[in-house]
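Here is the structure we will look at.
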Amino acid sequence: MPSAPAARATCDAVLPPRWTALRRPWTARRVSSGGSAAPEPDPAMPRSQLCLLLFGLLAALTLRAEPEPFVLHARRRLPGDGPAHLAAVREQELRWAPRRTAVIACDLWDRHWCRGATERVAEMAPRVNAFLRAARERGALILHAPSDTMAFYADWPQRQRARQALAAAPAIPAGANRWCALDPAREPPLPLDDTDGGCDDDPPCPQPQGAYPWRRQHPAVEIAPADWVSDRGDEIRAVLAQAGIEHVLVLGVHANMCVLGRPFAIRALAGAGLQVVLVRDLTDTMYNSRRRPYVSHFAGTDLVVAHIERHWCPSITSADLLGGEPFRFAADRRPQVVLLIGEDEYHTAETLPRFAAEELAWRGLEIVTVTEAPARKNYFPGLAEALRRADLLVLSTRRRALPPAELDAVRAHLAAGKPLVGLRTASHAFAPRGADREQARAAGLAEWPEFDAQVLGGNYQGHHGTGPLTRLRVAPGAESHLVLAGVEVARWLGLGSLYRSSPLAAEATALVLGEIPGQPAEPVAWVRRYGPRQARIFYTSLGHPEDFAQAGFRRLLLNGILWALDRPIPPAD
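Residue numbers (the working numbering): -11 to 561.
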């Protein structure tokens, strides 16, 4: 074993002078009260304690040098038939080393030719800035890519370093600065029509004929001294390569255009073998909601995100770094649709939620399903609270009596002028009879037998026997009604028994009539307004389980729901 002095010299050799002074405090000079320096006495610290101190300091430095990984909850869509937004979703936890991670902010300009696009970037910019700051503080590389604005940053060190990185880089693949167009070998066409430029303003803003209006990145997004600025694919690849970057988070605008196609964005980086993830709540689309598929602007963004998640890369939200809730635009208020289901004959507890998931949710409607309590068919937990927030009630109950507070919530919904869609047994939704009625009254439950006549405007008198299929036709005068857009009535049949519902209330508008042999035609779909606030009411006596498999019925129900919500109805194909 070496002597103590030799061991001390060996430890000193691995430390910088400032750490040697810390390790041997007795060598520091102490100033006396008179101003003269006096040597500090050697406390003869044991060698084992000195080594413990040394290794503690080194361990602290090591921990500081290796920050905790980013823990990301990455969502992807599984491959398969059908559109991406209906694909199965899987979430995977990713753990990325911050110093192997870059964040690219794509085209967050100060001004866009579309006013709405400019406003949405301005609204999102503070959250983007907070996200970049959090990533930067944990060691990630931050790269700002506001295309076509490099003249503004020509003298900035962050821009000059990016140019120097390219000069010092090995050969970059040819074509690194080309736009990456849709790849038909890997992805189908995008799920929306943006051929008009995608401005969702009404009327749309004119597109510039000359120079673009953007001059720089939005000033609310800070460019820190250690960040980088470039809009060139070759420069950005050089920066990533020299920094040893393996993972890239992409945010910015617009998801259906630059975020996919820029030479430094998703298609290019994923094609280059980097692990790429989209920050889905910090993006936007150029999509005009008056174009296919006729959904809200924000639902259009969701569709593009789903396309990216299936065909290119997973996505996360900014909450993974910032906590709390993901960012949401103030104008992104999704109408809430409450499905109230309580019947035993037509299985709408299965068919209606499935329909809502397949036809409504991806259009930007939030679905809340309220069903009867197990073994207590007249009780619907959560109904009153759901209706306080609801924009639409879709009713599929049969001969139920409700606790007074719950039925009062239905009345309040209608009294507020909020819409209702009734399906098949909704004509006798709150009209128990026989022993059920007596039991309900004994339990203090409330009924509303006049609901059909008062609210729906119908006149339910039972139904014809099962067996004959119901032939359908457009009611006279209803040919141009919005609810029938794209509904080819003559091409499908009603598969359940025909309800006897005539005559309708005078102010109701019959849309579809149903007929069986030897019986007069009956209205099977109609609309009306209810109450002083003119709540929109759509009702159909169709809704047999097999009806839900028919395109005509599905389109009719979809249109009725959209009409009730006063939302745009897709035109006929």
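Even glycine gets a Cβ: it sits at the ideal position worked out from N, Cα and C. Please read these numbers as outputs of a predicted model, since none were measured by experiment.
Open item on the list: Would ARG280 and ASP181 qualify as a contact pair, given that the criterion is a beta-carbon distance under 9 Å?
Closed with: yes
Open item on the list: My parser needs the beta strand (DSSP E) runs of 3 or more residues fully inside the region 400 to 475; what are they?
Closed with: 408 to 411, 458 to 462
Open item on the list: Buried or exposed, going by whether 16 or more other CB atoms sit within 10 Å of the CB of GLN205?
Closed with: buried
- [ ] Output yes or no for whether 9 Å exceeds the beta carbon distance between CYS102 and ASP219.
- [x] no
- [ ] Kindly indicate which three-state DSSP category ARG220 falls into: helix, strand or coil?
- [x] coil
Task: Proximal residues to GLN195 (C-beta, below 7 Å), its chain only, five neighbours per side dropped - done: TRP101, GLY185
Open item on the list: Assuming ILE329 and THR385 are in contact, meaning their beta carbons sit under 8 Å apart, how far apart are those beta carbons, in whole angstroms?
Closed with: 7 Å
Task: Identity of the residue in LEU270, GLY506, GLU467 nearest LEU499 by Cα - done: GLU467
Open item on the list: Can you tell me whether PHE317 is helix, strand or coil according to DSSP?
Closed with: coil
TODO: Would you decide whether ALA363 is buried or exposed? Buried here means 16 or more other CB atoms lie within 10 Å of its CB.
DONE: exposed
Open item on the list: At the level of alpha carbons, what is the spacing between ARG78 and ALA72?
Closed with: 13 Å
Open item on the list: Below 8 Å on the Cβ atoms is my contact criterion, and I expect PHE58 with TRP84 to pass it. Report the Cβ-Cβ distance as a whole number of Å.
Closed with: 5 Å
- [ ] For the alpha helix (DSSP H) holding VAL292, just list the boundary residues, first then last.
- [x] 285 to 299
TODO: Could you tell me if GLY352 is buried or exposed, where buried requires 16 or more neighbouring beta carbons within 10 angstroms of its beta carbon?
DONE: buried
Open item on the list: Taking the straight line between their C-alpha atoms, what separation do you get for ARG151 and VAL91?
Closed with: 18 Å
Open item on the list: One question on the structure: do GLY445 and TRP514 come within less than 9 Å of each other, judged by their Cβ atoms?
Closed with: yes
TODO: List the residues that DSSP assigns as beta-bridge partners of LEU228.
DONE: None; LEU228 has no bridge partner.
Open item on the list: So, for LEU443: in the same chain, excluding its five sequence neighbours on each side, which residues have a beta-carbon less than 6 Å away from its beta-carbon?
Closed with: Note that residue 443 corresponds to Val in the displayed sequence, not to Leu. TYR518.
Open item on the list: Does THR336 pass the burial test, meaning 16 or more other C-beta atoms within 10 Å, or should it be called exposed?
Closed with: buried
Task: Segment contact, 8 Å Cβ cut-off, at least three pairs: the region 163 to 178 with the region 133 to 148 - done: no
TODO: Go ahead and label GLU54 buried or exposed: buried means 16 or more other beta carbons lie within 10 angstroms of its beta carbon, across all protein chains shown.
DONE: exposed
- [ ] Give me the Cα-Cα distance between LEU461 and ILE504, rounded to the nearest whole angstrom.
- [x] The identity of residue 461 in the sequence shown is Arg, whereas the question assumes Leu. The straight-line gap from Cα to Cα measures roughly 12 Å.
Task: THR183, buried or exposed, once every other Cβ within 10 Å from all chains shown has been counted against 16 - done: exposed
Open item on the list: Give me the residue from LEU380, PRO251, PHE140, ASP554 with the minimum Cα distance to ARG203.
Closed with: PHE140
Open item on the list: Taking contact to mean 3 or more Cβ pairs, one atom from each stretch, closer than 8 Å, check whether the region 521 to 528 and the region 396 to 414 are in contact.
Closed with: yes
TODO: May I ask which residues mark the beginning and end of the alpha helix (DSSP H) holding PRO145?
DONE: 145 to 156
- [ ] Would you list the one or two residues that DSSP bridges to TRP84?
- [x] PHE58
- [ ] Specify the secondary structure class of THR528 as computed by DSSP and reduced to three states.
- [x] strand
- [ ] Go ahead and label ARG166 buried or exposed: buried means 16 or more other beta carbons lie within 10 angstroms of its beta carbon, across all protein chains shown.
- [x] exposed
Open item on the list: Quick check on DSSP: helix, strand or coil for PRO396?
Closed with: According to the sequence as given, residue 396 is Asp; it is not Pro. Note: ASP396 maps to helix in three-state DSSP.
Task: Assigned exposure category for ALA76 - 16 Cβ within 10 Å defines buried - done: exposed
Task: Environment of GLU534 [buried if 16+ CB atoms lie within 10 Å] - done: exposed
TODO: Look at the alpha carbon of THR273 and the alpha carbon of PRO179, and state the distance between them as a whole number of angstroms.
DONE: 12 Å
- [ ] Within 10 angstroms of the Cβ of GLU394, are there 16 or more other Cβ atoms? Answer buried if so, exposed if not.
- [x] buried
Task: 8 Å CB neighbourhood of PRO67 in its chain, flanking five on each side removed - done: ALA75, ARG298
Open item on the list: By the three-class DSSP mapping on this structure, what secondary structure does ALA513 have?
Closed with: strand
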